[in-house]
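First the structure, in the form of structure tokens, and then the observations on it.
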Amino acid sequence: MTIPSDSSHSVPALRLSGVTMAYGARDVVHSITLDVAQGETFGLIGLNGAGKTTLIKGILGLRDHRTGDILINGHDRLVGEAKKSLAYLPEKFEPPWFLRGAEFIKFSMRLYGKVFNLDEARALADHLGLNPDVLGHRVQTYSKGMRQKLGLMATLMTGAELSILDEPMSGLDPRARAAVKDALLQTKAQGRAIFLSSHILADMDEICDRVAVLHDGVLVYIGPPAGLRDRAGVDNLERAFLKVIDTPSAAA
Numbered sequence: 001m002t003i004p005s006d007s008s009h010s011v012p013a014l015r016l017s018g019v020t021m022a023y024g025a026r027d028v029v030h031s032i033t034l035d036v037a038q039g040e041t042f043g044l045i046g047l048n049g050a051g052k053t054t055l056i057k058g059i060l061g062l063r064d065h066r067t068g069d070i071l072i073n074g075h076d077r078l079v080g081e082a083k084k085s086l087a088y089l090p091e092k093f094e095p096p097w098f099l100r101g102a103e104f105i106k107f108s109m110r111l112y113g114k115v116f117n118l119d120e121a122r123a124l125a126d127h128l129g130l131n132p133d134v135l136g137h138r139v140q141t142y143s144k145g146m147r148q149k150l151g152l153m154a155t156l157m158t159g160a161e162l163s164i165l166d167e168p169m170s171g172l173d174p175r176a177r178a179a180v181k182d183a184l185l186q187t188k189a190q191g192r193a194i195f196l197s198s199h200i201l202a203d204m205d206e207i208c209d210r211v212a213v214l215h216d217g218v219l220v221y222i223g224p225p226a227g228l229r230d231r232a233g234v235d236n237l238e239r240a241f242l243k244v245i246d247t248p249s250a251a252a
């Protein structure tokens, strides 16, 4: 399925329409409908087991959905045009240990038809607090935080119009998290969309234009972080999230 072009409306970077996903006979994600606009940073919030990973796998084409449509830049998630528009950083990112950091980024960019520039890679590494010299070292020498930064570098340097980031702050200290948030804001400023999940809700509050709360496979809120805080009557996104999932009617 492809959305017809319409000069008066920008095609969403990501569109989910009535998406239901199941494990066996049991539905675990129920009738999810949401759009992520071009240039939007959109956060997915939920407890472990809420269905976040299942939904992300569905967007990536790694799991089938029982009902509904998943479109990336107006194209079905499985067609080549959609795959070229999408880059993904998993939570447990393990790049090939035998490659050097620069080699991994170069390989990733080649998949998107991009030319690797070492100076640009070194500049981004420095911005993320990663010693640029380690790009010449094999990945097997990297710490968890270094591997996470390498994965983010490769994801962002592909130039993909939609980046899906699963717990991108995992394993990062506060200084590194601040650098990553700066990099994501720069990506947004380029008109590229970001769809991310994270348990660090303070970060989501800071960088996301909108968030979706997924609880027991159902979306109970979609909107700005400030709107979630207002509806819950608290000034902290984490407390607002907990209040909404304990009393879903508060988000209605």
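Residue numbering for the sequence shown follows full-length UniProt numbering, starting at 1 and increasing by one per position.
We put the beta carbon where it would ideally sit given N, CA and C, even for glycine.
- Contacts around Gly145, its chain only, beta-carbon distance under 8 Å, and the 5 residues preceding and following it disregarded: On the sequence shown, position 145 is the one that residue 145 refers to. Result list for Gly145: Gly171, Leu172, Asp173, Ala176, in chain order.
- Rounded straight-line distance, which links the Cα of Val234 to that of Val36: Translated into the one-based positions of the sequence shown, residue 36 becomes position 36. Translated into the one-based positions of the sequence shown, residue 234 becomes position 234. Rounded to whole angstroms, Val36 to Val234 spans 26 Å at the Cα level.
- Query: Count the other CB atoms within 10 Å of the CB of Ser108; is the residue buried (16 or more) or exposed (fewer)?
  - Reply: Locating residue 108 in the sequence shown gives position 108, counting from the first residue. When all chains shown are included, Ser108 counts as buried.
- Task: May I ask whether a heavy atom of the ligand NAP can be found less than 6 Å away from the beta carbon of Val115?
- Result: As presented, the structure is devoid of all ligands, the ligand NAP included, so that no description of it is given.
- With a 10 Å radius around its C-beta and 16 neighbouring C-beta atoms as the bar for buried, classify Glu167 as buried or exposed. Numbered from 1 along the sequence shown, position 167 holds the residue referred to as residue 167. Burial call: buried.
- Do the stretch 13-25 and the stretch 63-82 meet, that is, are 3 or more Cβ pairs less than 8 Å apart? yes
- Provide the residue(s) that pair with Ser163 in DSSP beta bridges, ordered along the chain. In the sequence shown, residue 163 corresponds to position 163, counting from 1. Looking at the DSSP assignment, Ser163 forms a beta bridge with Ala87, Ile194.
- Message: Just to confirm the assignment, what range does the beta strand (DSSP E) spanning Arg15 have?
- Response: By one-based count along the sequence shown, residue 15 stands at place 15. Here the beta strand (DSSP E) through Arg15 covers 14-23.
- Query: Leu130 lies in the beta strand (DSSP E); which residues open and close that run?
  - Reply: Residue mapping note: residue 130 aligns to position 130 of the sequence shown, counting from 1. It is not in any beta strand (DSSP E) - Leu130 carries neither H nor E in the DSSP assignment.
- Item | 7 Å Cβ shell around Leu184 - same chain, five flanking residues per side excluded | Counted from its first residue, the sequence shown places residue 184 at position 184. Taken in chain order, the residues that qualify are Thr41, Ile194, Ile207.
- Message: Once DSSP output is grouped into helix, strand and coil, what is the label at Val180?
- Response: If you number the sequence shown from 1, residue 180 lands on position 180. Three-state DSSP puts Val180 in a helix.
- Item | Member of Ala87, Lys57, Thr247, Leu99 whose CA lies at the smallest distance from the CA of Ala160 | For this step, residue 160 is matched to residue 160 along the sequence shown. It is Ala87.
- Mapping DSSP to helix, strand and coil, what is Thr33? Here the question's residue 33 lines up with position 33 in the sequence shown. Note: Thr33 maps to strand in three-state DSSP.
- Message: Does the stretch 49-65 come into contact with the stretch 212-219, if we say contact requires no fewer than three beta-carbon pairs (one atom in each stretch) closer than 8 Å?
- Response: yes
- Task: Sort out for me which residues DSSP pairs Thr41 with in a bridge.
- Result: Position 41 of the sequence shown, counted from the first residue, corresponds to residue 41. In the DSSP output, where bridge partners are listed per residue, Thr41 has Ile194.
- Query: Counting along the chain, where does the beta strand (DSSP E) carrying Thr67 start and finish?
  - Reply: As a position in the sequence shown, residue 67 is number 67, starting the count at 1. Run containing Thr67: 67-72, per the beta strand (DSSP E) assignment.
- Query: Applying the criterion that 16 or more other CB atoms from any shown protein chain within 10 Å of the CB defines a buried residue, is Lys92 buried or exposed?
  - Reply: Mapped onto the sequence shown, residue 92 falls at position 92. By the neighbour-count rule (16 or more Cβ atoms within 10 Å), Lys92 is not buried but exposed.
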